[in-house]
Every structure is written in C-alpha cells, then in structure tokens.
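Chains as they are written, first to last, in this note's numbering: chain A, 1 to 748; chain B, 1 to 748.
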C-alpha cells in the first residue's frame, strides 16, 4: 500500500503513529474521527489548507472553517468595500473619523483571521504562502495610508486615500474564494499569449491609421468623396472587428481553458490525496495479508461527523454503493470515491398518501375526485395554462387605464390560484413545496419554477389586493407597490418557457453555469472597484450634474467651462461622472458595453489632460478584451460540455454505480401516472429492491446539478483528466504506482 | 478483394470487364488510363460527379472539367450578377433591350452547361439531383419573368423584375462551388437548433420589454429618474447581450461543426471510393494468390495524365513513398493514398551555384565577398532593417509638406533597394524570386512577404519617380499616383510582423484560413445580393441624395417630405439608400456592422410602411446572428486546430512517411549557414540519400499549407474522422470489411 509517508511534504498526523501499529486494530480515538472527517470534508469542498494535525490545531481548524466565521469574514469585507460609499467623494457623507474607525475594525478582523490561520498551519508553510504575505503587506500599507491621511487631514493639507485601491485584493486573498483566485491565475497565465495578439492588433490599427491619415486626412467625409474608400472601411471592419476579435476569443479561450484544466487536474489530485490521508487515519488490518480497510462502523461515525444532517437511509445508500460486495468493510479505492459521492445530490423522498386521502378516503378516492386528479395530471392541463399565460401577456401589454383590462388582472390571478389549489389537491403538499419537488419537477429549472410560481402568484395576489384597497381607500396609488405588482405580473410569464422541452435544456444549462457566472461577477467587481477608486481620484468633481429643473447656466456644460462645445456636454452626459462610487460603477458599466466610449473618454480627457485617455483605454483592454472574452469562453465551454454530455451520456462512474444497484428511481414510472405509481410503491413495500433501503423511501439523483463550482469544473474537464483519477479498479495495488502523487497546492 | 461491384450504385466502367479478366494481365488501353486519371483527379479535387464511363462520356467529362469552361462559366455568372449595375435602378443606365440580351446570353450559357452535364452523367442520376432541378426551375422562371417584364414595359405598365432575386442561386448551383453548397447545407441543418435559441431570446426580449413598458413607460429618461432602474439595464445587457450572444455562438458553432464534420467524413469516404475505382481499372494480378496490384509503368503513365506538369523527380519521389518496399508494384492501400499525396505541396529545388559564382568565382569567393554574404545572412541584418522600417513608420506619420521629410522617402527607398540588391548578391536569383522561395522563406507568410516585399519596393520606386517627375515638370501632383505611393509606403511596414516568430504563427493561421474566408465571402455576397434586390424594389427612389454643394431645399430631408424631422434626415444619411445596387451593398455593410441600425431602419420605415422594418430585422437575423457567428466559429475552430497541431505534432501519415524516407530536407541545416549548406550539398552529390532522387535535387514539404479548402477541412476534422480512413495497414484484406462503403453524394 501507498504509505502515508510517501505522499510527501504534508505534516504527519500526530496521533497516527501510535494508534495504527501494523496488524493491530485498536479502537479509534475521537480525535482520529475528527481528523478523518476534516480530511473528507476538505476533499468534498476542495479546501487546500495544510493544517497541523495536533488535536489543538484541529480544533482551531474546525473553528476556522465554521460557517459563522466565514459569514463574518465576508460581512466585514463587504463593510470594508462599501466604506467607499461614505468616504469622500461620498454618496452619503460620514465624518472621516467614523469611516476610519470602521475601517480599523475591519483591519482588526482581518488580522485576527490571519493570526487564526497562522495558528492552524505550520509556521514555515505560513511564511511560504504569497497569499499571506500579500495580506500582511496590504494591512500594513492600509495602516500607513490611514495614518498619513489622518495627519494630513488634521493639518488641512490635501490628502489622498491611495490604499483604497488595495481593498478588493483582500476579497481575493483573505476569503477562501478559490474560484476567484483560480480565475485570476488563469488570466495571468494567459496574458503573454493575449499580449502578442494584442500587439499584432495594434500593428494592424497602426497600418490602417497611417493609410487613413495619408489617404483620407484632407478629404473627409470619405464616403461622400469616393466610393473607393468604402473598400478601405470594409477591409478595416473585416480585419479589425471580425477577424481580430475572433482571434482574441480563440486565444483567450484556448489559453484560459488550458490553464484551467491544469488547475482542475491539480485540484482532483489534491482531493484524492486528502481522501488517502483520511483513509490512513481510519484504516485497520482486517484480513491477514490483505490490504488495510475501513469498517462500516468507523465509516458511519466519520460520515456522521462530516454531514451531521444526512439521513440514515442516505448514509446507508452511500455505504451500499461503496461496499458493493457487502463485506462490511471497504478498501482504499471505494473510500476515496466518498468525496465525489458526497457531492452527488441525492434526493430522499418518503412516499406518503395525500392528507385528504387519510382524512376522508371515501371522498378522495371517489370517481369524480379521481377524474379530477387525472385531469390535472393531463398534458392538456399544462397546455391550457400556457395559453392562459400567453393571453395574459397580451393583456399586460395593453393599456391598464382601461377599466376592463384592469379588472382582467383579477380573473388571471383567480385562474393562477385555482391552478395552485388544484395541484395541492392532487399532489402531496410536502412534496409539492419541498426543496426538490420530486413528483412534478424532474429538472432543475422546474424545481425553481414550481416554488417560484407559487411565491409569485401568492405575492402578486397580496400586492394586488394591497394596491386596490389603498386605491379605493385613499384614491392614491403608491408607485412602489404598483411597480412590484407589474414585475410580478411579468415574471409569471417565465413559466411558459418551462413547458417546452427544448427551452428547458437551454435554461438548465444557464442555471447550471449560474454559480460560475457569480465568480465572474466577483472578478468584475474587483476590477471595477480598482478602476472606480482610481477614476474617483482622477476625475472627482470635474463634471457636475444639475437636476432636471435646475436653471443654472452652468448646466449646459456640466459645470465645467472646459466642456463647452464638446459632445459630452451637448449630449448632456453630466450624470456620467466619477463624483461618487455609485456613479463610477454605472459609468464603468457603460464603458463595458462600449456605449459612447469615445464621447465619455474625450469628455474626461478634456477636463483633465489628454493622458487621462490611458485610463479609459486600459479599462477597455482589461474588461472588454480580456474579461468579457473569458466570460464568453466559459459560456461556450459549458454549452459544449452540455451538448457532448447529452450525446455521449457521460455519466460519472459513481452515478452509474448507483444505477447498477437499481436504487435510482426510474422517473418515467413516476411521471406517467402518479396515482398508479403511488399504488405500485405501496404494493412494493414488502419487496423493496434493496435490503439497505428503508421501505417507502426512494432515492433519486439530481444528476445534472452541481453542488459546487468545482464539481462543474471537474465535469467540464472530465474527459481530459487523467483516467487514473477515476480508476474503477478494485485492486488497491493498481493505485500504488504513483497515482496519488504529491499535489502542489499552488497559492496565488 | 473488394469487388468493384460491391461498391454500389456507381455505373460500372464499361471497358473494365473486358480488359481485366482474372489472372490475365493484358495491356491497358489509353481509355483505361484516361478513366483512371479522371478518377484520381476527381479524388484529388473532391469532385463528386457520377460520370458515365463510356469513352465518349469520359471525353465530354474531361471537357466539362476543363479550366477554360470553368472560367467561362464563372465569367458569365459574374456578368449575370453584375447586370444589376445596368438595370433599373441603375448605376450606369443601359437600355432595357441591351441588358435583356446579355441576360439571355448568360441563360444560354447556363443551359449549354446543364445540357453538357446531362450528357456526362446517366439520365436517371441527372433527374434525381435537386441541384439540376433547381437550375432548370430558375432558368424557366427567369425566362417567364423576362417575357412578362418585356411585355409590360412595351405597354408602359409598371413592371417588376422579381426573378433577379434568383440570380445568386445560380452561383450556388451552377458552379462546382462545393464549399458554398456545403456551407448552405450546414446552415440549413443547424437552423432548427438556432431557431429554438432565437425563440427563447425573443421571449427574453418580450419579458424585458413588458417590464420596461410598465416600469419606465411614463418615466423616461430612466437613468435620471432612479438608480434602481440601472439594475434593470445591467440585467438586460448581461442576459440579452452577453449571455444570449454567447449561447448563439455556442449553438451555431456546435451545430455547424457537427454537420460540417459529417460532410467531411462523407467527402473522405467518396474520395477513397473513387481511388478504389481507379485502382480497379488499372489493377492486374502479379503474384499468384496475392492481391491485385498496379505496376510502376502503369502508375507513371496515369500520374502523367493527372498532372502533366509534374517533374519526373517529384513523380519518382511519390512512387518511392507509395512503394516503400521497392517491389515495382503497389497494392490497393498505397494506391488509395495517392489522392492525399498529390495534395501535399512538395517543393523541388535544384541547388545550383550563384551565377556570379560561375561567372567570376575568384571575386565571388574572395574573403570580402564571403564576409558580405555572412553579414547579410546574420540576424542583425534583419534587425537593422526592422528598425529602419519602424523609423520609416514615424516619418510616414509626420507631415509630408515638410521638405526634409519628403526627401527622407528617397533615403528609405534607397535603403530598401540596397537590401534587395544585397540579397540578390547573396542568394541565387531564381531561388529568391521563385514561387516557393526555398532558401529564405520557410513559412507561408514569408513566401508571400519576400516577393510581396520586392514588388512593393520596386513599384514604390517607380511610382515615386513618376510622381516627382510629374511634379517637377508640371508642378502638378496627380492624386491617384500619390495615393498609390502612400499605400505602398504603408504596406512596406507589414514586413516587420514577419520577423517576429510569434506574430508569424498568428499570421500563418490567418493566411491558411484565407481560402475558407473566401467561401464566406461568396456566402455573404449571395445573401447581400438577394437582400439588395428586394431592398431596391421596396425602397428605390424613396430617399434622394443631393450633392454637397446642392442648394435644393429638399436636401434637408433627403427629397422626401416624410423624412422631415427624423433622425435619418437630421444625421444627413441621404446617401444610405437603395437607389442602385452599389449603394444597396454599402448600406447592407453598414447594417452588418450594426452601425446606426435603428436610424436606418426607422428612416426607411417612415418613407414606406412600418412593416418595412421586417426587412431590416430579417437581414439582421440572417447576417448578424447566423452568418457572422458561423464566421467566428470557423475562425475559432481553425485556431484551435492550429494550437493543437502545434502541440501534438499532428503530421499526416504521409508526411511522416516522407520524413521516414529521409527525403525531407532539414531546414535548419539550410538556414544556419547557406554557403556551408551549399557546399555540403555539392559534396553529397555522389552519395545522395536515396537512389530514386536525382542528385542536387532537394524536396521539401510545405506541410502547413493546404492546396484546397477541402484539405484544410479534412485536417480540421482529422482527429475525429474514422480511423479506417487513414489506415496504415499494409494488408489489403483489412480494407475489405466494408471500409469502402458506398458514399452518398448528397446534393444540395
């Protein structure tokens, strides 16, 4: 067997040497279970921290990973970032001492977090990690800046809070935001390639500008002058817009994917390594001459620690998957699979009769009641309601001042309520409202839609009633409530999408890549924040916005005489300014979608200096050329994976295993006819498929959903990953040949 | 052996049954060689025509494929398409009878071509091919339209030439434009998928518009009204711009690639099938009990017919690659490879001494001369000239009115001339100017650049001299010559790109996908032409353009009172009209790059009816959403192939074979030091590597270039193609198991 020592420079678990002499099988101490549970949990969530294995450090480490400390940390980062709202130039001005005090508190929290981290991991590891050095430097610099700023402010000198640019870096480094760090690393690695294409692009622009200068310089407007120049422009557009932008996308996509794949491979290797360490802690020698194993009792105790709220049935299901020969113990390979098993979302459903069925079976099982159930479950029911929604869409588009149309809203609300009541009558309420509505919602989008639907309809009902009572009572419409009613009314329409299968596939993909898009959201916020801070220092107060009804003559040129006659002032872009952090963000969004980029950049260049354009060009390069392309590349890749998964049925080996064990409920059986299915299940209770499953319990894999972004990434590169990482080989010796190589936990 | 009969519904070669009785090896008739050569040539160029194999039909088929008849056909298609310039509304008006006469001539040519085709292929095949039916219908409809139009014109009624919309379809169907037809087929196949995403996109737009209508309808401008609405717009941009556009690209890319792959697989199968047929014609039984073979003599005679201008040495090289055991005959598998072998560009170079070397060796081989040679070949020489070019770029940017800067042009021209002369002194002139400059141009871009460079410099010299003589003689600068001088001056700068390796890789890819981009060019022209014809009928004369110096009061609203006060008239977009085919094309280009789409579409809608907007929306969907995305997908795919080729060294088996035979010249040997290399070659003459190659002859594979678009496509899908299509297996029996299945030559 692969000795733990072989696996390299991770510190040895302290207790292990004593509790696991070869051949002897002493009882495991609670610390051992704690340690193993931590390894498994780290593997499940891909946490890469080299914690010390002394019981004290393990306890600290548990506290470090506690959800409360994580939430607190994110809260303080949010507070730190949102200080920009209250600092000069402020949206809501607060005295300088107040923001400084809050910032000091945040810094204190970050310092405590860092000290906590330092206590958890060995000292030499701590100082080797650039991430920690980075945090310390940022904290130092911020303190220095605050001291200088405070002193200068006190003497009424001009002071600059330059360290605010560093704040988003804390979001990157202090938190366990692996996805974010990974994205930054991938971008950094892809930069050289992008740079070369960018140089070539610049060269192409140079050639075209020189030609334009020489040929068109004195003969504008070109198009009216000669038709021949049209060819020039067409060539320009073809080369610089279509070809170069495609090349940018190709290069960004290719490089980003390449480095991301490497990272994911490392991640998978690290995960397996952690599982092997957990195995090493719990292993014992059962069969003389055989490999070390983990018994079901120890495994159960550990899994209970890892996921305290997992149902017994679910845990037994996992065990039966791992121990497919029913031996009562498992070897290393099935043990290692546990990390992936835990990441597969298994839905446990108890099939229970409808409450009305128990209360008054005579009525509920009567012929009209049964007919109603059949009607509601019929496809036509769905189609009728889709048509109702479409009619509703038309009514929404019509003018609501018309009394008849205003009243029609009540009709539609009544129809939607009727639908919910009918469904409640037919389906078991708990199943209907449960998190993974088992009965009528097989897909991710449907899970969202049913609950979403109910919430929307009920809140629309409440808001509409509220609105009309207010209207009748005071003859006064509060705009806010009416807005909410409108939004709810429109959102109701989304339901239609759900009933068309092709749409559902697309929507599912979009929902699945949602979490990954959030990573890009963080990335964008980090970049925006830095640019907003710099922009505010450069341009604050240069452009003023006057209210609509202002009669100030300065309004015509945004309060800055330098803007007289510029397109910026003529188009009344005065509200697009860097006067506070919110305006700055909105301005940066406009720059991202390249909306009037030239007007904005030339406007700000004319109020400062021409070199200010560098700021706008830099922003364009970073956001539009690099980050947007990476975003597109990510969406592309996710769709390609979806398409290939649909075609080649790329189920993970674990999912297949569960299906082999015939524990998965066949969905068709349930969907075809619910009442029949329920009866079948009732009849089957005595002859349940597996001895391990409790009767009347059904398992279903929400196979297409990913619990974490990492799981999605792993799935994306599954086909390209080292096959040994997914080895189904039951012979543990096969795993011995360096497959659990020492992972390099690469820091930022 | 796979009997020819097995290979399916292709008509049997007529003479084969007689000339090839089993066991007997009668001499092949000239018709047999003609037939075999046609099969091979068809395989090489992927022509898929089921021609009759009777000698008469074969002769007709040869004439059908003759380059002259192809050129004539393209010429008449061009004439037919360009008739739009002379027809109402015309750029250059011609009387109706003249254009009608020319069109009749074109129709006649197309009819002759079709009759010719009908004579070549069997009758039942002709009527089964929708392509032919399509041509006949178009010809009929055009004749009918012309008759009606002529009659109506004669009676001075309003007449419409609606059949002009059909003209570009002739370009698709009459010519052998397989790439174009393939592109159309792929688009057609991908349409359903694209349609579903498009519906979803429309639905998303509907939801957002309804919300906008309800929330913002009466409260514009939204941004100034409330910050909350900014979130609405950001969501709108994120979902409808970034996410949906990425999804469009993903769906288009995925589907286009999928269908293109299928087409390429069919193409490869058809190619192999044709080669098997050629083999069947020439095969004879050499070894008793062995498989049928083709002798070197027969092979030589056939290859001479296929490529009459191939050098003997080159042909012998190909034979030695095919007959690697030196048996004097080859089996089916190496014979089938010939089609691919012929598509590999092999450069034959005779190493001959420099003419000066032969004329006065004493001087040419003297120490100073040798030093000069070494200097010119040194890297520093390239760097110095790159610097000169950069300095030149700066000078071009400066004002040419300055006398010193105007004169500097002469200095630069002299420097460039000096470079050419020095290179001519050092390198053998024929090698320097040859089509595949062997010595100093290993890559495709360099091949272009050296000749390009010389042409540019020499023509710049001529133009500059011409310009200054004219200037000094008449004190008058002709604008045209000056423009050419400027263009040449700027184009000279492109050379810099070539000396940086990273740039060269990108440029090479772009050059390689050039021919494929031309296919897209044709596709765009077909779509543009149809939209231009429809647009001209809908909008001709609705908008008038007045010259810059016109004082007509109607100029303010483009001659149409309906345009008064519209953005179209205010922005003076009068020149963007459908008044003739050239303006229409330019307008469509503007619509393609989505430049002021809303202004243009609303302008034309206001001069006709609101429904005219459908025209603009349709154009946007077809061109921007489908065709542009396919273009981007194609560029992406080509770059991915380039990247993976660079990494995994995906040489085709044939190229590898040539390398195995050590016939390929190692490039480094030649580049390092040319004089030494030449000496080595001179010394090696006696002990030449291969007995088959003539002494002092070198072969080099221009491995990264593709002779045809089909070769590029084949390379793109090489990894995904059925491995049997590239089977290296020498056992002909292995090929017997249905690998040469009957190809389905799918028509349009």
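C-beta: ideal position from N, C-alpha, C; glycine also.
Note that the structure is predicted; figures quoted are calculated from it, not measured.
> On the three-state DSSP scale, how would you describe residue 529 of chain A?
Replying inline: helix
>> For residue 381 of chain B and residue 208 of chain A, what's the separation of their Cα atoms in angstroms?
In response: 27 Å
> Does DSSP classify residue 330 of chain A as helix, strand or coil?
Replying inline: strand
> Which runs of the alpha helix (DSSP H), 4 residues or longer, sit entirely within the region 565-611 of chain B?
Replying inline: 567-570, 581-592, 597-607
> Does any residue of chain D bring its CB to less than 8 Å from the CB of residue 503 of chain A?
Replying inline: Although the question refers to chain D, the structure presented lacks it and instead comprises the protein chains A and B.
>> My assumption, with CB atoms under 8 Å, is that residue 461 of chain A sits in contact with residue 415 of chain A. Please give the rounded CB distance.
In response: With 8 Å as the limit, residue 461 of chain A and residue 415 of chain A do not qualify as a contact, their Cβ atoms being about 12 Å apart.
>> Just verifying my parser: in three-state terms, what is the DSSP assignment at residue 509 of chain B?
In response: helix
> Which two residues bound the contiguous alpha helix (DSSP H) that contains residue 320 of chain A?
Replying inline: 312-322
> When the Cα atoms are used, what is the spatial distance from residue 372 of chain B to residue 426 of chain B?
Replying inline: 8 Å
> Nearest to residue 488 of chain B by CA position, among A:211, A:27, A:98, A:338, is which residue?
Replying inline: A:211
> What's the C-alpha gap between residue 40 of chain A and residue 338 of chain A?
Replying inline: 8 Å
>> So, for residue 153 of chain B: in the same chain, excluding its five sequence neighbours on each side, which residues have a beta-carbon less than 7 Å away from its beta-carbon?
In response: 96, 159
>> Going by DSSP in three states, residue 284 of chain B sits in which element: helix, strand or coil?
In response: strand
> At a Cβ threshold of 8 Å, is residue 391 of chain B touching chain A?
Replying inline: no
> Quick one: what does DSSP say residue 241 of chain B is sitting in, helix, strand or coil?
Replying inline: helix
>> Just list the residues that DSSP pairs residue 295 of chain B with in beta bridges.
In response: B:329
> Out of B:468, B:490, B:567, which has the shortest C-alpha to C-alpha gap to residue 453 of chain B?
Replying inline: B:490
> Comparing the C-beta of residue 246 of chain B with each C-beta of chain A, is any distance below 8 Å?
Replying inline: yes
> Using a C-beta cutoff of 8 Å, does residue 764 of chain A count as contacting chain B?
Replying inline: Lying outside 1 to 748, the shown extent of chain A, residue 764 of chain A is not represented and no answer is given.
> Got a sec: is the Cβ-Cβ distance from residue 196 of chain B to anything in chain A below 8 Å?
Replying inline: yes
> To the nearest whole angstrom, what separates the beta carbons of residue 167 of chain A and residue 81 of chain A, a pair I think is in contact under 8 Å?
Replying inline: 6 Å
>> Looking at the secondary structure, which residues open and close the alpha helix (DSSP H) in which residue 136 of chain B lies?
In response: 130-154
>> Please state the DSSP three-state secondary structure of residue 409 of chain B.
In response: helix
>> Considering Cα atoms alone, identify which of B:292, B:268, B:267, B:270 is closest to residue 279 of chain B.
In response: B:292
> Under three-state DSSP, which class holds residue 161 of chain B?
Replying inline: coil
>> I'd like to check one pair, residue 180 of chain A with residue 563 of chain A: are the Cβ atoms closer than 8 Å?
In response: no
> Does DSSP put residue 262 of chain A in a helix, a strand or coil?
Replying inline: helix
> Between the beta-carbon of residue 466 of chain B and the beta-carbon of residue 481 of chain B, is there less than 8 Å?
Replying inline: yes
>> Any C-beta of chain B within less than 7 Å: which residues of the region 589-606 of chain A qualify?
In response: 589, 593
> So what does DSSP say about residue 673 of chain B, is it helix, strand or coil?
Replying inline: Any reading at residue 673 of chain B must be qualified, since the residue scores a pLDDT of 38, below 50, and its modelled position is unreliable; the value itself is stated next. Note: residue 673 of chain B maps to coil in three-state DSSP.
> How is residue 125 of chain B classed by DSSP in three states: helix, strand or coil?
Replying inline: helix
>> On the CB-based measure, 16 or more other CB atoms within 10 Å of its CB, does residue 75 of chain B come out buried or exposed?
In response: exposed
> Expressed to the nearest angstrom, what Euclidean distance is found between the alpha-carbon atoms of residue 250 of chain A and residue 638 of chain B?
Replying inline: 9 Å
>> Below 8 Å on the Cβ atoms is my contact criterion, and I expect residue 229 of chain A with residue 216 of chain A to pass it. Report the Cβ-Cβ distance as a whole number of Å.
In response: 6 Å
> Which residues mark the beginning and the end of the alpha helix (DSSP H) in which residue 34 of chain A is found?
Replying inline: 30-45
> Any idea if residue 358 of chain A is buried or exposed, counting beta-carbon neighbours within 10 angstroms, 16 or more meaning buried?
Replying inline: exposed
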